[in-house]
Amino acid sequence: MPGVVDTPGGPLWPGLGFTVAHQKVELEIDFATRSLKGKTEITIHPHHKELRVIRLNFRQGELKRLNVNGKAPTIKYADPYESLQLYGPHYHQRLSSKIEGLLKTSPEPDLLVTIPKSVRIEELDPFSQEAQDQMTLRASGADDQTDGPLSSKAAETSLPRFSALTVYIEFTIENIRDGLQFVGVDNGDRRYPHAYTTNSLGYGAGSPLFPCVDDPLSRCTWEVSVKCPCSLGDIFDRKSRDQSGAYRSKSTPGGSRFISSDDETLDLSVVCSGDMTDEIVDPRDPSKKTVSFACVSPLSAKQIGFAVGPFEYINLSDFRESDQDEQLGQNAIPLHAFCLPGRGDEVRNTCFPMAKAIDFLSLTYGSYPFASYKMCFVDDSPENTLPTACLSICSNHLLFPEDIIDPMYDSTRALVHALSCQWIGVNIVPKEPVDTWVTVGVAWYITDTFLRKLCGNNEYRFRLKQMSDRVCDLDYERPSIYDMGNILNLDPSEIEFIALKAPLVLFILDRRLTKASGKATMSRIISRMFLNARMGDIPNGAVTSSQFQKICERLGHAKLDTFFQQWVYGAGCPRFQATQRFNKKKLVVEMMIKQVQAEQPSARDLDKNTFMRDVKEEIRGVYAGNIQPVFSGSMTIRIHEADGTPYEHIVEIKEGVTKFDIPYNTKYKRLKRNKRQKERAAAVSGGDPNAETQEDVLLYCLGDVLQTEEEMQEWRLADWSKEDEDRMGQESYEWIRMDADFEWICKLSLVMPGYMYLSQLQQDRDVVAQLESLQYMAAQREHPLISTIFVRTLMDRRYFYGIREAAARALVKHAKEEINWLGLFHLERAFQELFCLPGSPMTRSNDFSDRAAYVLQLAIPEAISKVRDNDGKTPLRVKRFLYDKLKFNDNSNNEYSDNFYVATLMQSLCHAMLGKVETRDVDVDVDDFDMERMLETQAEEQLEKDAIAEFDRYRRMDEWSSSFQNVYSRAALRCQMQLMRAKILDVDIMQFLPYTRAGTYDLLRADAFECLVELDIFKSPELVKWFMFTMSSDSSLWLRRRLHDLFGKALAPVAFGREPENEPSANVDGLIIEQESSTKVRQADLARKQTVTGAIEALKAEISGDQNFKECLWAACNSPGIGILELSVFADLCKVLYDSVTSVMVKLKYPRYWQVKHLGKGRMHFSRSSRIRTTLNPSKDASTAGKRKREENGMPPPGPRITFKQSKLGSSTPSATPHLNSPAIPKLHIPNLSASPAPQPQKTPATPSTPSTPSGGGGGLKLKLKIGQKPK
């Protein structure tokens, strides 16, 4: 077994016993056969003379030649992918253990090279030429990472002690399952052919393309050469020759199906990590060329990436502003972008900010660690960005033309993050998987600081607040961000959660340290860390959590053990409940803050979107972090007193309940409300307010629109009652704000009158404070006054657009019959005022030049679509409003595309149509006939038909003239799916199935599959088969990953229990008779909805007996095209659904004796002998005589023990699930020989079938096999 060979002789040396100093890789890529061949030369420095075995990693390939210093060594190599076969869904145990070993951060070595005895490891004279050469190599960065001292500055590590060894390997990889993605080479795939590496910093499977030490900490210098065809025509000529010669008798050229004559001459480019050193056309074959690159910085194998394709080149340095060029001078980093033909303009538009980003990060945090930065945009990329050393491979999904504005922020953030990973993620790596939060958190933190410069402080803080709220919702029964580093390969959502929480933790740490020191601290900490890495103070560039903490403590001048214990090593977020009361006698504000995170209900319904992740964590024993009863730290409480002065008080929170008094400073009562009333009166009468009042106008600068009497009547606005005004006048302060400096990721609940929250909304300039006020008021019950506040917020252009959008969404709650649909009226009126012709409901021609207004134009229809009456029915006026906006949309004079706006209107109209009360056909009495209701029902039905026709019109329009990323078709499919689920349309799978075929745009394909999943794919075995087939054999890695996510959503409703069909309950004389269910049934139903174990049991009961699904899953596990991560998911499914079987009962037919031969590796060969059994019970003497005869002949005892047992006649079939003796029992495959009347034991079936216990009793011999036990 690979990895078990001990180093002979000498002391036990930790680690590998050697350091890789330099590696040279030459690869030749063959697009036609999707294969590669190559050779590599690895220069290693032994750590001791006794080194005998060189341990390397290599998968999925075949070795052609190998030598060490020119001498042939002894090799032990077995391709681990070859043994990843599943002989039936029940035999998943051995497969799972193999996969776990391959997915380790530092996988076990697969290739063991025993150094020949003729190769001697000599001690070096430190002044010899060879020692000097090795020192030069080491000085360029190949530090002793395995068992050297902590600091690379130590003198002894810089001196090589033993002569270097050179390992030369030639290899081929015929079937590439991991590491390299080919696009555009399948029959019928009309995209430009290209290939690229898929190494990932998070959810990935190492570097399986060439022999290397596949450890993130094994870093060395590199030379990489890639050999490929010179042009597209060369690829296809070779392909057609191969096909016509090897596979087909046809001689039709395949090139014409794939490529036009114009494109045949397109040159192939190679983009690779490092700096290009050479490009040579092969002298023996002019249709091929070799492009060479050199990396002088030390890198691990996983950080080497390349892409090959007919790429266009764009120089992004042209987008630098002149002042930046002058400031940076010669230090300006060259920026290069590569994309497929025809997408250059989109790249220029999307990557416009990248020159500004690289300059900002270089000046703020330290110089860029490489010589240049390259971006390559490709199809089918499994993630948005795949950062490798000085090259980021990016998805074409991120590109957008200049007339599209919706994906601007998200695309820019993803691209800037890929750039920031060059500093931390590639140049600096986590030392252990648990330290991943440092690199991920810092990369996202510096990304967001650039976006703050680009988009402004309001956008930055608003999004941070949204992220904080999201973390509070998601951080429920999850491990800490420190522990989560160990389970990154479990599910893609693990790294996504770290990317969400870790930068927030750094942000609140920065807020706390900055408040203590008075200057920005986190940027200095990050700069110091980057500097330390360059100076060698961080050994091998591998940072640990404790090192990062020490840097923070040194520059922040504070001990941070408690902070790191709570936010990094601990899980969960605090939830505060606070009360406040003004004590007039003492002139203090009495406050109490209570932490209630430990009191939240422990049971929460499982989420279908995270069901698969929960299952994977459950079967691997990943447990949630303990709920921390107390989070400690300082909190800033700001009281805005009666004279408008804010007073800040810092409170130390150390216990679960904190009580304290805050001194009150103002001697006067709260007079500002009265001043405001005076000011209003003065404004109406035209009088001049005095100077003091003029200052107050500045304080009331937000939300004071729609104030005149005419406007208040026209907009049906409400005002404070006399009692409320009096109460406000009696208050001693305007409002209290907890955590005013944003130093906590928490949920806050402060008991305070609503008018104080209104003051906070109108007077506090911080968008976070405004959003907190809105969130509080949005939680209150419907009221005309709150609706008035929201619509004034929505109409005030001085508010940040995110606050106005939140106000629009909050108005839905106030669209109720009880207050005469006031919220709906306000939404409609606001839309009319902002986007319609004056005094008309007809929409103006679109103009999206004001992005803030465009966001509202999207948000208001979405909000209106959620309005329902008390019966859950959507009012007809809502549907008509949305239908008119869709039908009469005019984009003729707009410089921007309205694709996303139309898709939003379609989905909003569909959402409104879902609110429909089912009407039963009952005989209507003539006296009860309501003509108006009948006419309204007819009008509603006609409107629904028109709306469905409109959806279909846009879908057909998209077929003729594609919208951006097919958003029309995708929205139309989602609308049809929702209408089918609501039974407004008949379920018709054929509406979606054609879009799932290969050749359709990938985002549209994925959405079509999602629609099938939402319509319960498990009701149709054929659809399950098609889904599983695509998930396991499609050429697009992106689509396969997306289908894995969807498959979890498909399994979830089966596990949780499908919603019962709504059957009318028996109604007898006005009494509803309900069937009383037993307590056990209710408990089981609750368990499957709220506990992972209950859901798994329910899923097992529902699906494990489905033979069709079992065969599909088995075929998927044995698919030759899937990678190790995908196989891991399938193996997990087998583990969940089927009990592990490590032995099998077989029945052998009388009357012949059977013989067995042990073939090794758990395989046995059974065959019938010529001897015929004459008695039912073989005598004891006969058996002992046979045993003695075997011993006399000197035959070795067999490995497995075989026991024959005669079953009683007529006995029942034994259980098919044997008792498991040992977890590590190898798999056994035995064909079901009893199925055929004349068995042929010598022939084994081509496709293995699941062995099962034959039914029927009596007469047969049962053979019980015990594998792995020593014979006595």
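Residue 1 is where the sequence shown starts when you use the UniProt record's numbering, and the numbers rise one by one after that. Ideal placement from N, C-alpha and C gives every residue a C-beta, glycine not left out.
Thinking just about the alpha-carbon of each residue, which of Leu-316, Phe-311, Asp-234 is nearest to the one in Pro-286? Asp-234
Output the distance between the C-alpha atoms of Tyr-368 and Pro-430, rounded to the nearest integer angstrom. 19 Å
May I ask you to report which of helix, strand or coil DSSP gives His-194? Secondary structure of His-194 (DSSP, three-state): strand.
Cβ contact check for the stretch 491-509 and the stretch 429-448: 3 or more pairs under 8 Å: yes
Per-residue burial, Met-612 [other beta carbons within 10 Å of its own, 16 or more giving buried]: buried
Could you pull out every unbroken alpha helix (DSSP H) segment of at least 4 residues lying fully inside the stretch 738-824, listed in chain order? 754-763, 767-778, 784-795, 801-810
Name the one or two DSSP bridge partners that residue 1323 has. Because the chain is modelled from 1 through 1272, residue 1323 falls outside the range shown and cannot be assessed.
Assign Tyr-883 to one of two classes, buried (16 or more other C-beta atoms within 10 Å of its C-beta) or exposed (fewer than that). buried
Based on DSSP bridge pairs, tell me the residues matched to Pro-229. Lys-288.
According to DSSP, which residues form a beta bridge with Tyr-77? Leu-111
Pick from Lys-584, Phe-564, Gln-566, Val-596 that is closest to Gln-577, judged by C-alpha positions: Val-596
Local Cβ density within 10 Å of Gly-999, reported as buried at 16 or more and exposed below that: exposed
With DSSP as the reference, label Ser-372 as helix, strand or coil. coil
What residue does the alpha helix (DSSP H) around Tyr-460 start on, and which one ends it? First-last of the alpha helix (DSSP H) with Tyr-460: 457-474.
Taking a contact to mean a Cβ-Cβ separation below 8 Å, would you say Leu-340 touches Gly-309 in this structure? It is a contact, given that the beta carbons lie within the stated cut-off.
Less than 8 Å separating the beta-carbons of Phe-319 and Phe-360? For Phe-319 and Phe-360, no; Cβs fall outside 8 Å.
Considering only residues of the stretch 1088-1175, which uninterrupted beta strand (DSSP E) runs meet the minimum length of 3 residues and lie entirely inside it, listed in chain order? 1146-1148, 1152-1160, 1163-1172
DSSP state of Cys-339, grouped into three classes? Cys-339: strand per DSSP, three-state reduction.
Going by DSSP in three states, Arg-581 sits in which element: helix, strand or coil? Looking at Arg-581 - three-state DSSP - the assignment turns out to be strand.
Would you be able to state if there are at least three C-beta pairs under 8 Å between the stretch 931-948 and the stretch 868-882? yes
What is the rounded straight-line gap between the Cα of Asp-921 and the Cα of Leu-822? Annotation note: pLDDT 46 at Asp-921 (below 50); position unreliable, coordinate value reported separately. Going from the Cα of Asp-921 to the Cα of Leu-822 covers about 33 Å.
Here's a check: name, in chain order, each residue in its chain whose Cβ is nearer than 6 Å to the Cβ of Asp-267, leaving out the five neighbours to either side. The residues are Ser-231.
Relative to the C-alpha of Val-630, which residue among Glu-655, Ser-849, His-640, Ile-619 is closest? Glu-655
With DSSP run on the structure shown, which of helix, strand or coil describes Val-416? Looking at Val-416 - three-state DSSP - the assignment turns out to be helix.
Backbone secondary structure at Pro-387 - three-state DSSP: strand
Would you say Val-987 reaches chain B, if we count a Cβ-Cβ gap shorter than 8 Å as a contact? Note that chain B does not occur in the displayed structure, where there is just one protein chain.
For Leu-717, does the count of other Cβ atoms within 10 angstroms reach 16, so buried, or fall short, so exposed? buried
Does the distance from the CB of Gly-572 to the CB of Gly-625 come in under 8 Å? yes
Ser-962 to His-1044 span [Cα, whole Å]: 28 Å
Beta-ladder partner(s) of Trp-735, from DSSP: His-640
Beta-carbon contacts of Ala-808 that lie in its chain and below 6 Å, excluding the five residues immediately before and after: Leu-794, Ala-859, Ile-860, Ala-863
Is the distance from the Cβ of Cys-1134 to the Cβ of His-92 below 8 Å? yes
Taking a contact to mean a Cβ-Cβ separation below 8 Å, would you say Val-25 touches Val-68 in this structure? No.
Where does Phe-888 land, buried or exposed, given buried means 16+ other C-beta within 10 angstroms? exposed
So Val-1024 is in the alpha helix (DSSP H); what residue range does that whole segment cover? 1021-1033
Span of the alpha helix (DSSP H) holding Glu-312? Note, Glu-312: premise wrong, no alpha helix (DSSP H); beta strand (DSSP E) at 312-315.
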